[in-house]
Structure formats: C-alpha cells, structure tokens
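S.K.: I have a structure I would like to understand better, so I am pasting it below and will then ask my questions one at a time.
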Amino acid sequence: DRSLAVVETPPREKIGGSHSTLIGDRKGRKAVQTVAEHPHVKKIVPGPIDAGGTGSRTGLRAKATRAGTNGNVRLLLRDGSSVQENRIVTTAMDRETGERVREDLNEALRDAELQDV
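The sequence shown begins at 6 in the working numbering and counts up one residue at a time.
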C-alpha cells in the first residue's frame, strides 16, 4: 500500500483557474475550503456554472465524484437549479487511490454539513 504525498500548500493557495466564481456564496466557499484543507489535494480548479435545469432542493449540496484514471476527482456543487463541477487535482496516481481520497473528501463534506446524510 503506497502512501500518498502530502501537500503543504496553504488551502487558499490551492484554489485557482480561469473561473473564480463559486456557487452557493458562503457555503460554496466553505465546501471548497473543506476540500482544500485535505492533505492530498494539490489544487482546485473551479468550473463554469450551469444555471439550467430545475432544482427542487434548497441550499447548497457538495459531493466529490468518482476518481478518474489519473486519481483526480471532481467536486460537484449544487445550489437550487445551478450546478458547478470543479476539478480537484490530488496526489493520487491512479483511480484506486483517488477513490480513497474521494471517500475522505465526502466524509469531510458530511462533517461540515454540506451533504445529505
């Protein structure tokens, strides 16, 4: 079992990219901050916001989705009918270790009360 590299970069310096807007105001920032605090997250790249669709839920929900072949995951933010998919670059090198990071991130988001139980 290979251990993953730990990233020492301060959480606020991990967030960057061409899109800087996050949906969900304070709670959106809290979700991204929660993910950025994880020791195996290198960078979070906010994605474009899709305002289409119908949203029945109120309030922000955050979820880390399935790891890709390179071990990186996505952070899905939903706020009403708006959805934003943010890329999370991790120190994982493959899908298996990326899935471990994803589970940790979802647990942290649950603890921060940003997920449905």
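From the three backbone atoms N, C-alpha and C, an ideal C-beta is built for every residue, glycine too. Since this is a predicted model, take the numbers as computed values, not measurements.
1) Hey, residue 37 and residue 110 are a contact pair by Cβ (cut 8 angstroms); roughly how many whole angstroms apart?
2) Along the beta strand (DSSP E) that carries residue 91, what are the first and last residues, could you check?
3) Return the bridge partner residues of residue 48 from the DSSP annotation.
4) Under three-state DSSP, which class holds residue 78?
5) By DSSP, does residue 26 sit in helix, in strand, or in coil?
6) According to DSSP, is residue 39 part of a helix, a strand, or is it coil?
7) Report the residue from 29, 8, 101, 114 whose alpha carbon sits nearest the alpha carbon of residue 56.
8) Output yes or no for whether 9 angstroms exceeds the beta carbon distance between residue 22 and residue 52.
9) Would you report the Cα separation of residue 106 and residue 26, rounded to the nearest angstrom?
10) Ends of the alpha helix (DSSP H) at residue 102?
M.R.: Checking against the coordinates, here is how it stands:
1) Taking 8 angstroms as the upper bound for CB-CB distance, residue 37 and residue 110 are not in contact here, some 11 angstroms apart.
2) For residue 91, the enclosing beta strand (DSSP E) starts and ends at 87-95.
3) Paired residue(s): 94.
4) It is a strand residue.
5) Look at residue 26 here: in three-state DSSP terms it is coil, with no helix or strand label.
6) Helix at residue 39.
7) The shortest C-alpha separation from residue 56 is found at 29.
8) Less than 9 angstroms divides the Cβ of residue 22 from the Cβ of residue 52.
9) About 24 angstroms.
10) Looking at the DSSP string, the run of the alpha helix (DSSP H) that includes residue 102 is 100-116.
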